[in-house]
Amino acid sequence: MLMALAAGTTDPALLADLAHGKLRKKLPELRPALAGRFGPHHRFMLSRLLADIDYVEEASRELSRRIEELLVPFAATIERLNTIPGVQRRTAEVVVAEIGADMSHFPSAAHLSSWAGMCPGNHESAGKRRSGKTRRGNRWLRTALVEAGAAAGRTKHSALGARYRRLRAHLGHGRAVLAVGRHVLEIAYHLMAQATTYRELATDYFDRYRAERLKRRSREQLRRLGYQVTLTQLPTAA
Numbered sequence: 002m003l004m005a006l007a008a009g010t011t012d013p014a015l016l017a018d019l020a021h022g023k024l025r026k027k028l029p030e031l032r033p034a035l036a037g038r039f040g041p042h043h044r045f046m047l048s049r050l051l052a053d054i055d056y057v058e059e060a061s062r063e064l065s066r067r068i069e070e071l072l073v074p075f076a077a078t079i080e081r082l083n084t085i086p087g088v089q090r091r092t093a094e095v096v097v098a099e100i101g102a103d104m105s106h107f108p109s110a111a112h113l114s115s116w117a118g119m120c121p122g123n124h125e126s127a128g129k130r131r132s133g134k135t136r137r138g139n140r141w142l143r144t145a146l147v148e149a150g151a152a153a154g155r156t157k158h159s160a161l162g163a164r165y166r167r168l169r170a171h172l173g174h175g176r177a178v179l180a181v182g183r184h185v186l187e188i189a190y191h192l193m194a195q196a197t198t199y200r201e202l203a204t205d206y207f208d209r210y211r212a213e214r215l216k217r218r219s220r221e222q223l224r225r226l227g228y229q230v231t232l233t234q235l236p237t238a239a
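The sequence shown runs 2 to 239 under my numbering.
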């Protein structure tokens with residue numbers, strides 16, 4: 002319709018007849034909506050806008066082709082990252098573009114998360130650790146990881162999906178998505194460091210991991226107080 006207007010067509014019936022898909026069901030409403038004053042100046046401005054759109058679209062295609070060429074050496078890495086729940090090809094490309102594929106630059110997955118600005122701040126008051134805001138990191142990487150965290154949270158039978166639903170219950174959607182995005186980055190670190198693909202964990206993996214970490218921390222605190230303890234698993238209720 003816009004191209005026809007730029008070419009000089011102003012008949013509402015002819016313009017409405019160019020509608021496609023579901024819009025054709027609204028032809029009676031569309032015809033009067035297309036009636037109006039459309040002079041040479043409007044035609045000129047519309048032509049310039051359409052030319053700008055064509056230029057941007059062609060530039061976008063050229064850049065996409067260039068990106069594809071530059072990513073050829075990283076094809077295997079991108080395929081590995083695509084195996085992570087919630088990670089699409091574009092997300093994998095952003096991860097590779099922003100941090101590379103050589104994880105030797107980062108001592109650990111935690112260091113990478115901190116560099117990317119995906120770790121919560123360390124705010125302590127009166128000896129108690131309180132949640133803090135994440136620091137600013139690479140905004141392109143952060144945006145991609147947040148999107149991946151949201152996508153992973155929608156998965157039904159994955160550890161990341163289960164993690165999101167548990168965190169959302171007491172942290173809310175935004176912070177839960179950020180936490181899952183951090184886990185996605187940490188998984189990506191290990192996949193690239195070990196040149197392997199993602200293997201799905203049990204849906205209770207993060208719950209069991211948290212329980213083990215809590216036990217280690219508790220034993221260490223008791224040891225510092227001068228106690229030696231042995232933990233015994235209580236029988237589960239029938």
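Glycine included, C-beta positions come from ideal geometry on N, C-alpha and C.
Here the structure is a predicted model, which is why all the values come from computation and not from measurement.
* To do: Output the residue ranges of the alpha helix (DSSP H) runs that lie fully inside the region 5-32 and measure 4 residues or longer, sorted by chain position.
  => 13-17
Y206 by DSSP, collapsed to three states: which one?
helix
**Prompt:** Helix, strand or coil: how does DSSP classify A102 here?
**Reply:** coil
Q) Nearest-angstrom Cα distance between T197 and S159? A) 18 angstroms
Checklist entry - What's the gap between the Cα of L200 and the Cα of L47? => result Here the sequence assigns Arg to residue 200, which means Leu is not the residue at that position. Cα to Cα, the separation comes out at about 53 angstroms.
Which two residues bound the contiguous alpha helix (DSSP H) that contains G150? R140 to G154
- Task: Report the residue ranges of all alpha helix (DSSP H) runs contained in full by the region 165-205; include only those spanning at least 4 residues, in chain order.
- Result: 174-195
- request: Check whether the region 50-68 touches the region 170-184, taking contact to mean three or more Cβ pairs, one atom from each stretch, closer than 8 angstroms.
  value: no
Contact check, R143 vs A117 under 8 angstroms by CB: the rounded distance?
-> 6 angstroms
Does the separation of the CB atoms of E187 and S115 fall below 8 angstroms? no
Q. Can you tell me the Cα-Cα spacing of A20 and R66, whole angstroms?
A. 32 angstroms
Reduced DSSP category for R157 - H, G, I as helix; E, B as strand; rest coil: The residue you asked about is not Arg; residue 157 is Lys in the sequence shown. In this structure, K157 counts as coil in the three-state DSSP scheme.
query: A102: which of E30, W141, A163 and Q195 sits nearest, CA to CA?
result: Q195
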